[in-house]
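Residue numbers (our numbering), protein chains in the order written: chain A, 14 to 305; chain B, 8 to 396.
The beta carbon of each residue, even a glycine, is placed where N, CA and C say it ideally should be.
In what follows, a structure is listed as structure tokens, so that the remarks can point back to it.
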Amino acid sequence: MIEIDDLHKRYGDKTALTGVSFAVKPGEMFGFVGANGAGKTTTMRILMGVLAADSGQVRWDGRPLTFEDRRKFGYMPEERGLYQKMKVSEQVQYFGRLNGMSAAQAAKATADLLERLSLTERAGDEVGALSLGNQQRVQLAVALVHGPEVLVLDEPFSGLDPIAVDALAEVLLERRSAGVPVLFSSHQLDLVERLCDSVGIISAGRMVASDTVEELRAREGRRLLKVVVRDAAPGWTAGLGGNITEKGDEVLFADVNGSDQEILRAATKAGTVEHFGWERPTLTEIFREAVA
Amino acid sequence: MSGLWLVARREIATRGRTKAFVIGLVISALLVGALAFLPRLFSGPDSYTVGFVGSSTLQPALTGADKDVTITTKPFADEAAARKAVLDGEVDAVVVDDRRVLADGEVDRELGLLLEGAHQTAQAGKQLAAAGLDAAKVAEAMRVAPLEQVSVGADTRYAGARTGIATLLVMLLFFQLLQPSMYVAMGVVEEKGSRIVEILLTSIRPWQLLGGKIVGLGALALLNLVVVIVAGLGAATISGFTSDMPPGIGGVVVSTLFWFVLGYAFFATLAAALGSLVSRQEEVSSVLTPMMMLIMAAYFVSYFAAIEPGNSVARILSLIPPFSSMVMPVRTAAGEVPLWEMGVAAALMIVATGAVLILGARIYERAILRTGARVKLSEVVRDGSAVAR
């Protein structure tokens with residue numbers, strides 16, 4: 014298990030992190046979300062040891078992370094970095110070897126990964142000649158080549174087309190199933206919601222939420238009642254309690270407070286009820302609420 | 008250690024495969040090879056064709072005069088035919104009846120001296136024989152040992168060749184120290200600017216990355232140097248220039264390689280440390296300015312030392328690092344250098360290189376992850392704890 018414990022970081026006068034703590038369990042996909050500049054990248058760089066925290070600790074299975082531990086991690090930094098003039102296959106193998114693989118191991122792992130990421134045909138091309146999407150796949154191959162025991166990926170999905178997103182998601186889910194803790198940051202909340210078991214929300218350098226997606230939903234107090242009535246007479250909602258938002262036939266009731274049955278009776282009287290049910294808050298809604 | 012070798016191997020594979028490197032290697036080898044032929048082209052031919060009209064007593068004296076010069080003789084029936092041959096360039100000169108020399112314009116200086124010497128010998132012998140002296144005794148008397156040349160100053164017999172070799176060495180060292188150091192700095196900035204360094208440094212230590220880069224690019228520079236030296240010496244052997252070369256050329260080669268390794272380690276580490284302060288290739292040349300000034304200064308002093316190896320400024324600077332890395336090998340090639348001076352220079356340079364390696368590695372380690380604006384040198388030297396973006 015990766016534990017981030019009470020990280021603090023200042024850049025001069027600017028506070029970047031204030032007591033950031035969360036944990037990623039083995040076999041858990043952890044989505045790290047937050048607005049631009051909230052502290053995601055800073056946290057991940059501290060986790061990977063390329064940045065020193067002012068205080069706080071990162072632990073792996075209960076003991077402080079060492080350089081040797083981090084060699085077993087797969088890392089994709091926020092700003093993509095590859096040797097533009099180096100060939101795809103050579104480059105991926107090179108990083109495998111730097112992480113202690115033999116030449117044969119690195120060659121095999123590289124061939125497998127390039128196949129998985131549909132890059133086999135480009136194996137002999139210089140990285141600089143590839144499209145940005147393909148360069149990103151190479152970047153992912155570099156992070157994965159040595160069969161890492163932990164994955165730390167900063168915005169791995171940004172700039173990818175839907176097919177590449179699916180390919181990447183598949184690889185990540187497979188690593189997770191193999192018991193690898195996967196931590197990635199993203200702005201694509203629907204994607205995080207779809208893939209992640211747990212989510213951490215950071216705002217202005219503080220963790221405002223960190224839990225499983227189910228827990229976060231349950232904790233979200235504002236439940237919405239969605240009612241769709243066809244051919245309803247205008248103004249049928251008049252006099253009903255709660256905070257009402259109307260959009261065509263669709264009406265959303267917030268802060269219902271037990272008057273749900275009364276709303277149902279009014280709806281049946283007004284017309285044909287097509288839909289009546291509680292809305293599960295989306296991650297986007299939870300996120301907006303959390304950082305508000 | 009394996010991390011360092013992997014990095015070095017990548018550098019060699021990447022840089023050594025570029026067209027620029029291969030073409031540069033071939034051109035410099037050809038250039039130095041051609042330069043080794045130059046002295047021959049300028050010193051004029053060592054063989055002459057001389058025509059003779061009428062019987063000549065001068066002829067045997069001429070052909071045996073100088074072992075280093077080949078004289079081919081050619082008889083002519085009359086002067087008119089001989090004049091035509093001179094104008095056509097068939098012969099360099101024609102001796103007519105042992106009294107006159109015909110040439111197209113002036114007689115070649117060396118040939119003129121040989122002809123005059125042979126003439127003196129032949130005529131003196133003839134006149135002494137006419138005075139009734141025994142021919143064998145005359146020949147005996149005429150055999151005079153040449154004057155022995157003794158220099159009371161420095162041995163200047165090979166001064167010209169030594170100056171030539173030293174001048175060539177100045178250029179060679181200048182380029183082979185400057186260019187790979189630039190590549191080291193550019194490579195450091197490439198990795199820093201593209202943030203590859205963030206991934207690299209989660210796999211290997213900064214000293215492995217820095218050391219591998221310096222070792223790899225240094226190996227290529229050393230290869231370049233060796234190829235150029237081999238090409239130069241090879242061409243000199245073929246052209247016959249080696250006979251004019253001073254003794255101890257092997258020592259010059261060894262000293263050059265020794266000083267190159269030290270000088271390269273010094274300047275390349277300096278270049279890497281300075282390069283790690285910036286994040287963009289456009290900033291490389293400005294951040295390297297202090298190093299360039301140092302190499303340029305060493306270059307000018309070495310050039311001066313090649314011509315005036317005994318000058319006291321050259322002597323003093325040949326002891327002081329990092330100037331010694333260029334001035335000392337050039338002085339060694341240009342003239343005799345006392346052993347103790349070499350020893351002092353080497354000891355000082357080894358200490359200086361060690362210090363630069365330690366300090367440079369520290370600066371690199373602290374600055375390489377601080378991307379963005381140019382990092383101030385004073386910041387990284389003073390405070391190593393804060394690795395910040």
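List the DSSP bridge partners of residue i.
i	result
residue 11 of chain A	This structure does not reach residue 11 of chain A, given that chain A is present from 14 up to 305, and the question cannot be answered.
residue 55 of chain B	B:78
residue 70 of chain A	A:18
residue 89 of chain A	A:166
residue 10 of chain B	Paired residue(s): none; residue 10 of chain B is not in a bridge.
residue 330 of chain B	Answer is none; residue 330 of chain B lacks a bridge partner.
residue 77 of chain A	A:72
residue 265 of chain A	A:239 and A:258
residue 307 of chain A	Lying before the first or after the last residue shown, residue 307 of chain A is absent from chain A, which here runs from 14 to 305.
With H, G and I counted as helix, E and B as strand and the rest as coil, what does DSSP make of residue i?
i	result
residue 97 of chain A	coil
residue 1 of chain A	With chain A represented from 14 up to 305, any question about residue 1 of chain A goes unanswered, as that position is not in the structure.
residue 31 of chain A	strand
residue 271 of chain B	helix
residue 109 of chain B	strand
residue 287 of chain B	coil
residue 288 of chain A	strand
residue 232 of chain A	helix
residue 145 of chain A	helix
residue 396 of chain B	Per-residue confidence for residue 396 of chain B stands at a pLDDT of 32, beneath the threshold of 50, marking its modelled position as unreliable; no derived number is given.
residue 36 of chain A	strand
residue 202 of chain B	coil
residue 116 of chain B	helix
residue 165 of chain B	coil
residue 60 of chain B	strand
Is it right to say residue i is buried, meaning 16 or more other beta carbons lie within 10 angstroms of its own, or is it exposed?
i	result
residue 134 of chain A	exposed
residue 239 of chain B	buried
residue 80 of chain A	exposed
residue 266 of chain B	buried
residue 347 of chain B	exposed
residue 291 of chain A	exposed
residue 307 of chain B	exposed
residue 307 of chain A	The structure shown has nothing for residue 307 of chain A, since chain A only spans 14 to 305.
residue 149 of chain A	buried
residue 376 of chain B	buried
residue 53 of chain A	buried
residue 61 of chain A	buried
residue 213 of chain A	buried
residue 325 of chain B	buried
residue 392 of chain B	Confidence is the limiting factor: at residue 392 of chain B the pLDDT is only 47, short of 50, which leaves the residue's position unreliable and the question unanswerable from this model.
residue 168 of chain A	buried
residue 293 of chain B	exposed
residue 188 of chain A	buried
residue 187 of chain B	buried
residue 148 of chain B	exposed
residue 95 of chain A	buried
State yes or no: is the C-beta of residue i nearer than 7 Å to some heavy atom of the ligand HEM?
i	result
residue 17 of chain A	Summarising the ligand content, the structure contains no ligands, and the ligand HEM is consequently not present.
Is the CB-CB distance between residue i and residue j below 8 Å?
i	j	result
residue 111 of chain A	residue 210 of chain B	yes
residue 90 of chain A	residue 202 of chain B	yes
residue 275 of chain B	residue 195 of chain B	no
residue 184 of chain A	residue 209 of chain A	no
residue 232 of chain A	residue 293 of chain A	no
residue 19 of chain B	residue 227 of chain B	yes
residue 62 of chain B	residue 102 of chain B	no
residue 86 of chain B	residue 60 of chain B	yes
residue 230 of chain B	residue 39 of chain B	no
residue 45 of chain B	residue 121 of chain B	no
residue 165 of chain B	residue 253 of chain B	yes
Open item on the list: Please list, in chain order, the residues of the region 88-101 of chain A that have any C-beta partner in chain B closer than 9 Å.
Closed with: 88, 89, 90, 91, 92, 93, 94, 95, 96, 97, 98 and 99
- [ ] Mind checking the region 122-156 of chain A against chain B and listing, in chain order, the residues whose C-beta falls within less than 7 Å of any C-beta there?
- [x] 155
Task: Positions along the region 208-223 of chain B whose CB lies within less than 7 Å of some CB in chain A - done: 208, 209, 210 and 211
Open item on the list: Along the region 59-70 of chain A, where does the CB come closer than 7 Å to a CB of chain B? Name the residues.
Closed with: 61, 62, 63, 64 and 65
- [ ] Check each residue of the region 261-280 of chain A: if its Cβ is closer than 8 Å to any Cβ of chain B, include it; give the result in chain order.
- [x] none
Task: Where the region 104-115 of chain A meets chain B: residues whose CB sits under 9 Å from a CB there - done: 107, 108, 110, 111, 112 and 113
Open item on the list: Short of 7 Å Cβ to Cβ, which residues in the region 10-32 of chain B face chain A?
Closed with: 10, 13, 17 and 21
TODO: Could you name the residues of the region 190-202 of chain B whose beta carbon sits closer than 7 Å to any beta carbon of chain A, in the order they occur along the chain?
DONE: 201 and 202
Task: Members of the region 33-62 of chain A near chain B, C-beta cut-off 7 Å - done: 61 and 62
Task: Residues, ordered as in the chain, of the region 315-327 of chain B that lie near chain A by beta-carbon distance below 8 Å - done: none
TODO: Would you list, in chain order, the members of the region 356-380 of chain B that have their beta-carbon closer than 7 Å to a beta-carbon of chain A?
DONE: 376
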